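Visitor:
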Amino acid sequence: MERPKLIREDGLRHDGRRPDELRPTRITVGVLNKASGSALVEYGGTKVLAAVYGPREIPQKHLLLPDRAIIRCRYHMLSFSTHERKSPALSRREIELSKVIREALEPVVISETFPRTAIDVFIEVINADGGTRTAAVTAASLALADAGVPMRDLVVGVAVGKVDGVLVLDVDELEDMFGEADMPVAAAPSLGLVTLLQLNGVLTREEFDSALKLALRGASQIYEKSREALRDKYMKVRVEE
Amino acid sequence: MERPKLIREDGLRHDGRRPDELRPTRITVGVLNKASGSALVEYGGTKVLAAVYGPREIPQKHLLLPDRAIIRCRYHMLSFSTHERKSPALSRREIELSKVIREALEPVVISETFPRTAIDVFIEVINADGGTRTAAVTAASLALADAGVPMRDLVVGVAVGKVDGVLVLDVDELEDMFGEADMPVAAAPSLGLVTLLQLNGVLTREEFDSALKLALRGASQIYEKSREALRDKYMKVRVEE
Amino acid sequence: MERPKLIREDGLRHDGRRPDELRPTRITVGVLNKASGSALVEYGGTKVLAAVYGPREIPQKHLLLPDRAIIRCRYHMLSFSTHERKSPALSRREIELSKVIREALEPVVISETFPRTAIDVFIEVINADGGTRTAAVTAASLALADAGVPMRDLVVGVAVGKVDGVLVLDVDELEDMFGEADMPVAAAPSLGLVTLLQLNGVLTREEFDSALKLALRGASQIYEKSREALRDKYMKVRVEE
Amino acid sequence: MSHTPSPELIVPKLKASTIVNMLKKGMRTSGRGPMEYRPIEIVPGYVRNADGSALVRLGNTVVVAGVKLEVGSPYPDAPDEGALVVNAEFVPTALSTFEPGPPDENAIELARVIDRSLRELKAIDMSKLVIVPGRRVWVVYIDIYALDHDGNLVDASSIATLAALMNTSLPRVDVDESGSVRVDRSTRVSPLPMNNKVVTVTIAKVENVMFVDPDLDEESVAETKLVVAVSEDRRIAGLQKSGAGGFTEAEIATALDIALDVGTNLIRLAASKLESSGAGLTPLGERSTS
Amino acid sequence: MSHTPSPELIVPKLKASTIVNMLKKGMRTSGRGPMEYRPIEIVPGYVRNADGSALVRLGNTVVVAGVKLEVGSPYPDAPDEGALVVNAEFVPTALSTFEPGPPDENAIELARVIDRSLRELKAIDMSKLVIVPGRRVWVVYIDIYALDHDGNLVDASSIATLAALMNTSLPRVDVDESGSVRVDRSTRVSPLPMNNKVVTVTIAKVENVMFVDPDLDEESVAETKLVVAVSEDRRIAGLQKSGAGGFTEAEIATALDIALDVGTNLIRLAASKLESSGAGLTPLGERSTS
Amino acid sequence: MSHTPSPELIVPKLKASTIVNMLKKGMRTSGRGPMEYRPIEIVPGYVRNADGSALVRLGNTVVVAGVKLEVGSPYPDAPDEGALVVNAEFVPTALSTFEPGPPDENAIELARVIDRSLRELKAIDMSKLVIVPGRRVWVVYIDIYALDHDGNLVDASSIATLAALMNTSLPRVDVDESGSVRVDRSTRVSPLPMNNKVVTVTIAKVENVMFVDPDLDEESVAETKLVVAVSEDRRIAGLQKSGAGGFTEAEIATALDIALDVGTNLIRLAASKLESSGAGLTPLGERSTS
């Protein structure tokens with residue numbers, strides 16, 4: 033594949049977005065019947081489903097902790113979610129992201145309420161178009177809320193990137209593949225905490241500061257949409273009752 | 033390999049059998065020393081060994097059921113049993129057949145007698161020439177009886193097929209490979225129950241009826257031979273004592 | 033690779049050693065901080081690290097024995113320790129050697145002292161130049177002693193070989209690869225017991241006798257060096273206190 | 577090893593006997609008739625990166641199937657045909673007892689039942705999937721994921737598979753002189769060539785009563801099931817007795833009569849839904865209130 | 577990780593001490609002498625789909641070995657030789673403590689001991705297994721399955737392997753101009769070329785008493801074993817001390833003397849049984865009463 | 577599945593609060609300052625069979641990294657570049673809670689963090705690792721083993737990796753007309769071509785106090801860590817927040833300022849140690865008394 037032009041003459045991105053513009057975002061809470069909580073999050077072409085089971089007892093007693101619930105998390109890509117068919121076996125990338133996403137969620141879950149239990153977070157990437165791990169954090173956090181797990185805040189994620197020398201918000205797959213840097217960020221806005229931060233690429237100290245600010249601005253927008261989606265779910269429930 | 037002629041001019045099959053004729057069948061009960069029960073079943077070139085251990089306690093307590101014994105079953109092919117050497121790892125086919133065979137046995141085992149135990153059925157295909165799963169059901173059922181497991185009936189299996197447009201009993205590998213359909217059936221004749229039924233191929237509604245009747249007639253013959261084999265074993269024991 | 037001349041005109045070996053001469057040997061006890069005991073053993077270019085943890089409780093309760101400690105042992109090669117990069121998965125050779133080394137250690141460990149516990153012996157081959165399993169036995173035995181595990185004797189190992197028709201002591205990789213036979217031996221000299229004996233190659237009855245005697249002479253020398261290394265460690269400890 | 581499973585769902589005894597007693601009277605707790613399926617929704621093209629896909633909701637059961645076409649080698653015994661690989665996975669979003677990991681025996685059985693129904697019927701026209709005769713062919717990977725499990729995963733998967741196949745299109749390929757193949761997924765040249773259509777119809781049995789499309793509660797009380805693959809032209813394209821228990825010869829005959837009727841209806845229904853699709857179907861995350 | 581095993585068989589204390597006490601007096605509970613093997617039965621050609629096979633019954637121990645010949649690439653460091661792969665599996669029919677699954681350390685050790693005995697002695701003439709020099713050779717797969725375990729699986733496996741190899745014949749192969757190889761298994765052109773014969777002799781030890789061919793009870797009380805591979809021409813073709821425990825130098829010398837005598841006898845016995853075979857041997861499922 | 581880990585080390589409460597209280601006052605139990613690393617020893621060339629290697633001791637943490645060069649195919653999307661594979665394994669010698677087996681999520685994360693830092697910075701000049709353009713290239717395998725774990729395995733591994741790469745030399749290769757490649761490891765033609773140097777700097781945080789190079793006790797009390805990959809030319813070549821917990825925007829800014837200073841110093845220190853090496857460094861098994 034030829035490297036495409038990522039920033040057009042008019043300063044807009046290959047898909048017509050401004051550098052600081054999110055893709056169309058769709059967030060729905062409570063999409064599954066059997067799970068304790070669930071959410072479907074779409075950032076443009078990226079589509080991620082999260083389901084939460086628990087807090088619950090599990091057969092693997094040796095994993096449990098006496099003073100808190102543990103969180104178990106799997107980030108998994110459906111085999112047709114990527115351009116090349118993904119082998120069904122869990123990749124090293126999926127193992128790393130399962131950990132990184134779990135650690136993004138740990139700070140907001142009030143785990144002390146349910147000692148000796150597990151809260152299971154299952155993430156399925158249905159379609160991948162960049163930013164899957166950050167969409168996964170958003171979806172997981174909403175699924176936790178939907179499951180009634182007590183939380184200090186929502187965590188929402190978004191990736192920023194550097195493409196053709198320009199810092200851009202919410203990178204898609206083309207920008208990720210051909211850009212110079214990709215920096216996934218997740219934040220708990222009300223707590224003022226960054227709980228996921230990775231950088232894939234090289235940035236100067238100054239570029240980093242701008243990139244992080246851009247990410248946090250994007251996170252705020254997604255945070256609002258997430259809260260709306262939660263409200264929608266519970267409003268509807270109330271109306272239906 | 034060229035597709036051979038499966039039904040000859042004289043209406044007989046490639047090996048000289050009539051369409052409704054079984055291959056030479058050899059059934060021996062109690063062939064192993066250490067197992068609780070065992071049987072060796074040969075349908076023509078197909079040779080299958082079954083061993084039963086239990087009812088017994090097992091370390092995997094979480095599998096056990098409070099009101100009945102569980103049955104565990106493995107259908108396994110020795111690597112040299114097939115034309116091409118089989119890889120030692122359990123194939124998806126072996127996993128499916130282990131389930132299908134277990135479910136063919138479940139209805140005849142009186143499992144309530146031994147709650148919280150496991151009855152283990154191990155099947156080794158020594159040589160494969162068509163009909164291994166049905167020979168396996170027959171062998172397993174005799175091994176269960178040999179182990180003294182209480183049973184409502186024996187289950188015996190046989191495959192019917194459609195080759196060159198003709199319905200035939202007890203398909204061998206050549207007929208399976210080049211025929212139009214293969215339908216393994218297992219039945220508990222005295223209970224009047226079909227406990228294994230698969231169809232690999234396409235049949236009309238009418239063909240199916242004829243095929244099932246043919247299978248059940250074959251099963252009856254194998255049932256008689258199986259009962260004889262059991263009698264032989266216990267007669268001999270009595271004689272030897 | 034061309035087969036090299038292993039015994040030179042002057043009767044010495046390709047590296048200048050006499051047939052009954054060990055390579056330079058370096059033995060250091062207590063090289064790791066976290067392990068209960070450890071040792072690093074070098075026979076020429078062969079470099080093997082052993083660490084012992086325990087006697088200790090383990091989660092796998094079903095492995096434990098009521099009247100003695102069990103020994104668990106893993107012989108493992110770092111992927112860059114061999115000429116061709118070794119795949120990280122445990123090979124069949126590593127599985128066999130883990131067993132053979134464990135069984136070489138069992139006779140000298142006084143396992144009755146700590147029933148229902150496990151003594152874990154972890155061996156890492158850092159660089160392989162022939163004789164890794166015998167260096168591993170020596171290292172493991174010293175790591176056990178360093179961990180304070182009660183022992184009847186040290187076990188030390190060395191391989192003898194037949195190269196160009198000559199019996200030689202402490203074979204290196206070139207001799208192993210191109211020689212006619214390789215016979216790893218481990219002995220507990222004070223107990224007068226051979227606790228590891230393998231033969232990879234073909235020997236006459238007479239050659240075997242000479243080969244074993246050569247191995248036991250070599251083992252005696254390594255035994256002395258091992259005892260020195262243990263003394264050094266504990267002398268130093270005393271001095272430092 | 578296959579072992580007698582623990583019940584996926586402990587249905588309370590009272591509820592279980594209610595289900596059974598109603599079934600005996602030809603009724604179901606959901607108000608459905610014995611031979612009635614739950615409402616079926618189909619969202620074709622649900623997964624953009626797949627070459628064909630569909631989300632299917634059968635009552636509260638949700639399954640997504642995707643088709644990926646890859647250039648590969650033909651099987652040595654069928655050098656002039658494309659190849660087919662069917663996988664199924666029950667991901668842990670779907671039920672509290674599902675563990676992450678490689679497919680278990682139930683997922684493997686499901687995939688193999690669907691694989692056989694397609695393969696034996698030659699539902700896909702494999703002869704048209706050759707790129708370089710004898711050397712390069714299309715390999716059709718069908719992957720099925722159960723996302724939400726309220727019973728009858730097999731039929732939901734079978735419908736999703738049919739819909740995904742009907743939604744699949746072949747990308748343009750160029751073969752240069754050296755025989756190397758270049759795929760251009762941005763251009764689609766034709767739909768996946770199909771010879772026939774097939775769905776499965778699952779008939780459950782409890783105390784001699786038979787009924788179709790069991791939900792999860794009903795599956796828990798059912799003694800056994802017969803999965804019948806039915807072709808558009810009303811033939812039996814596969815059978816699988818699944819679950820402990822057995823059927824009498826007469827019961828099998830009845831089950832097949834039911835299956836052939838219901839199955840051909842399901843195929844018609846799916847085809848008509850697919851034709852009218854694009855319009856207003858409710859994907860996952862946009863539930864219909866009906 | 578290798579770990580101290582739990583005893584496969586808990587022999588009651590009284591029985592164990594009886595076994596030991598009798599052994600000290602040169603007797604065995606079975607009536608055998610210390611250097612006596614149990615009766616050996618060999619059924620060559622037991623598996624029709626194998627290119628060579630044998631079922632061996634050593635007392636109540638039953639092992640089946642099969643040889644499959646496949647066309648493959650030579651090892652890079654031996655381009656003009658066939659290749660050898662030996663596998664062993666202890667299937668769960670054989671003993672109540674055997675679990676299904678990949679070979680454990682005991683099966684791996686057994687396979688590797690037999691592999692080395694064949695390989696080091698060049699028992700198979702690998703130079704005659706070349707099909708296209710440097711490119712295509714016969715790969716000899718030997719697979720060994722323990723079906724019933726009443727002790728001394730190694731020697732039973734070694735005899736079964738020897739018998740299976742002697743029972744193996746090479747199929748006809750045709751190589752066309754392009755170098756591709758076509759195998760015709762219906763025509764056999766020659767027996768597998770052999771240079772030498774080898775069996776293992778297992779000597780067990782308990783309280784300084786040594787004896788051959790331990791049955792399962794005897795293995796449970798034995799402290800350690802020495803497996804000696806013995807060639808037809810009376811050389812030592814491999815050694816393996818197996819099991820915890822050790823031997824003195826003198827004990828090893830004694831054991832080797834025993835092994836060379838017993839081993840050459842076993843090879844003669846196996847060869848004569850194979851010559852007289854076809855006639856009246858009792859396969860699995862047709863037990864001799866002797 | 578990733579799960580909340582049990583603490584690797586149960587630090588007694590009193591000790592834990594001592595550690596935290598001292599850190600709040602800018603002190604550490606070891607006497608180090610908050611921004612001070614433990615003593616670093618580097619033994620280049622520790623593994624003779626590797627093409628490059630180094631043992632690194634960071635306080636009581638010991639890591640060995642080795643580089644193997646193998647001839648392989650390029651990635652399809654980078655036909656004119658060598659390839660890089662980074663693996664890490666925490667072997668059970670290193671800590672009582674480490675189990676033998678495939679790398680766990682911590683080892684995988686470590687390997688991927690180091691992999692990305694090298695890859696994104698193009699630290700190795702991959703364009704110079706082509707043997708036959710488009711067909712055969714050098715594959716650089718970096719394997720990292722943690723042998724003794726007293727905290728901060730990432731930075732120790734990163735330094736060991738840098739030292740091993742700087743210690744690596746390319747063997748001579750000959751390509752014949754048919755394009756087959758012959759490697760002669762006895763002749764070394766050049767050092768591994770490098771564009772840049774990179775190390776990671778790990779900054780831990782507990783109750784708003786930040787400090788570098790945590791030892792195992794300190795890791796146990798730390799809430800979270802930020803791993804910063806720092807290039808020789810003072811750029812940020814990778815980031816990884818690792819461990820539960822989070823950072824404020826201001827804390828991240830502070831951490832980066834620290835990391836850039838400390839990292840460039842570490843690179844200088846490593847380079848100078850490597851230049852003066854061969855002389856008197858204490859390998860594993862020959863501990864310095866300092």
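Chains as they are written, first to last, in my numbering: chain U, 33 to 273; chain B, 33 to 273; chain Z, 33 to 273; chain H, 577 to 866; chain C, 577 to 866; chain R, 577 to 866. Built from N, CA and C at the ideal position, the CB exists for glycine as well. The model shown is predicted, which means the values in this text are computed figures rather than measured ones.
Can you pull out the residues from the region 612-631 of chain C whose beta carbon lies closer than 7 angstroms to at least one beta carbon of chain B?
Guide: VAL623, ARG624, ASN625, ALA626, SER629
Visitor: Which of the residues in the region 632-647 of chain R, read from start to end, lie with their CB under 8 angstroms from any CB of chain Z?
Guide: ASN636, VAL638, VAL640, GLY642, VAL643, LYS644, GLU646
Visitor: With a CB to CB cut of under 7 angstroms and the five nearest residues on each side skipped, what residues in its chain are close to LEU129 (chain B)?
Guide: TYR107, ARG165
Visitor: Could you tell me whether the Cβ of GLU53 (chain Z) comes closer than 8 angstroms to any Cβ of chain C?
Guide: For GLU53 (chain Z), the answer is no, since every Cβ of chain C falls outside 8 angstroms of its Cβ.
Visitor: Assuming LEU137 (chain U) and LEU176 (chain U) make a contact with CB atoms under 8 angstroms, what is their CB distance in whole Å?
Guide: 7 angstroms
Visitor: Examine the Cβ distances between the region 674-681 of chain H and the region 797-808 of chain H and report whether three or more of them are shorter than 8 angstroms.
Guide: no
Visitor: Taking Cβ-Cβ distances shorter than 7 angstroms, what residues in chain U pair up with ILE690 (chain R)?
Guide: Correct list: empty, because the minimum Cβ distance to chain U is about 12 angstroms.
Visitor: Could you give the first and the last residue of the continuous alpha helix (DSSP H) run that contains PHE210 (chain U)?
Guide: 205-210
Visitor: How big is the Cα-Cα spacing for GLU275 (chain B) and ARG104 (chain B)?
Guide: Any property of residue 275 (chain B) remains undetermined from this structure, which presents chain B solely from 33 to 273.
Visitor: Out of U:GLN253, U:ASP264, U:ASP241, point me to the one whose CA is closest to ILE828 (chain R)'s CA.
Guide: U:ASP241
Visitor: When you compare the CB of LEU25 (chain U) with every CB in chain R, is at least one pair closer than 8 angstroms?
Guide: The structure shown does not extend to residue 25 (chain U), since chain U is modelled only from 33 to 273, so the question has no answer here.
Visitor: State buried or exposed for ARG844 (chain R), treating a residue as buried only when at least 16 other CB atoms are found within 10 Å of its CB.
Guide: exposed
Visitor: Whole beta strand (DSSP E) runs in the region 45-97 of chain U with 3 or more residues, listed along the chain?
Guide: 57-61, 69-75, 78-88
Visitor: Suppose the cutoff is 8 angstroms on Cβ atoms and the five residues either side in sequence are ignored; what does the same chain contact list for VAL195 (chain U) look like?
Guide: Around VAL195 (chain U), the same chain offers LEU38, ILE39, ARG45, VAL203, GLU207, PHE210, GLY211, GLU212 as residues with beta carbons nearer than 8 angstroms, after the five sequence neighbours per side are excluded.
Visitor: Here's the rule I'm using: 16 or more other beta-carbon atoms within 10 Å means buried, otherwise exposed. How should SER848 (chain R) be labelled?
Guide: exposed
Visitor: For GLU660 (chain H), which of H:ALA805, H:VAL715, H:ALA687 has the nearest alpha-carbon?
Guide: Looking at the sequence shown, residue 660 (chain H) is not Glu but Leu. Nearest C-alpha to LEU660 (chain H): H:VAL715.
Visitor: Report yes if the C-beta distance between THR78 (chain U) and ALA261 (chain U) is below 8 angstroms; otherwise report no.
Guide: no
Visitor: With 8 angstroms as the limit, tell me which residues of the region 647-675 of chain H have their beta carbon closer than that to any beta carbon of chain U; keep them in chain order.
Guide: ASN663, GLU665, VAL667, PRO668, THR669, ALA670, LEU671, SER672
Visitor: Would you kindly work out how many angstroms separate the C-alpha atoms of ARG249 (chain B) and LEU228 (chain B), rounded to a whole number?
Guide: 15 angstroms
Visitor: Closest Cβ-Cβ distance between PHE210 (chain U) and chain R: below 8 angstroms?
Guide: no
Visitor: Of the residues C:GLY814, C:ALA826, C:ILE707, which one's Cα is nearest the Cα of ASP752 (chain C)?
Guide: C:ILE707
Visitor: Check whether chain B comes within 8 angstroms of ARG811 (chain H), counting only Cβ atoms and requiring the distance to be less than that.
Guide: yes
Visitor: Does the beta carbon of SER807 (chain C) come closer than 8 angstroms to any beta carbon on chain Z?
Guide: yes
Visitor: If we ignore side chains and look at the alpha-carbon of each, how far apart do LEU199 (chain U) and ARG124 (chain U) end up?
Guide: 28 angstroms
Visitor: Tell me whether the region 634-653 of chain R and the region 725-738 of chain R touch, counting them as touching only if at least three CB pairs, one residue from each stretch, are closer than 8 angstroms.
Guide: Remark: three or more beta-carbon pairs, one from each stretch, lie closer than 8 angstroms, so the region 634-653 of chain R and the region 725-738 of chain R are flagged as touching.
Visitor: May I ask you to verify whether the region 802-816 of chain R touches the region 619-635 of chain R, counting CB pairs closer than 8 angstroms and requiring at least 3?
Guide: Three or more beta-carbon pairs separated by less than 8 angstroms are not found between the region 802-816 of chain R and the region 619-635 of chain R, which leaves the two stretches without contact.
Visitor: For the beta strand (DSSP E) that SER807 (chain R) lies in, which residues bound it at each end?
Guide: 800-807
Visitor: Of all the CB atoms in chain Z, is at least one closer than 8 angstroms to the CB of THR778 (chain C)?
Guide: Proximity of THR778 (chain C) to chain Z, defined by a Cβ-Cβ separation below 8 angstroms, is not satisfied.
Visitor: For ILE834 (chain C), I'd like the list of residues in its chain whose CB is within less than 8 angstroms of its CB, leaving aside the five on either flank, ordered along the chain.
Guide: MET611, VAL777, ILE779, MET786, VAL788
Visitor: What in chain Z is Cβ-close to MET572 (chain C), meaning under 7 angstroms?
Guide: The shown model of chain C, from 577 to 866, leaves out residue 572 (chain C), and the question about it has no answer.
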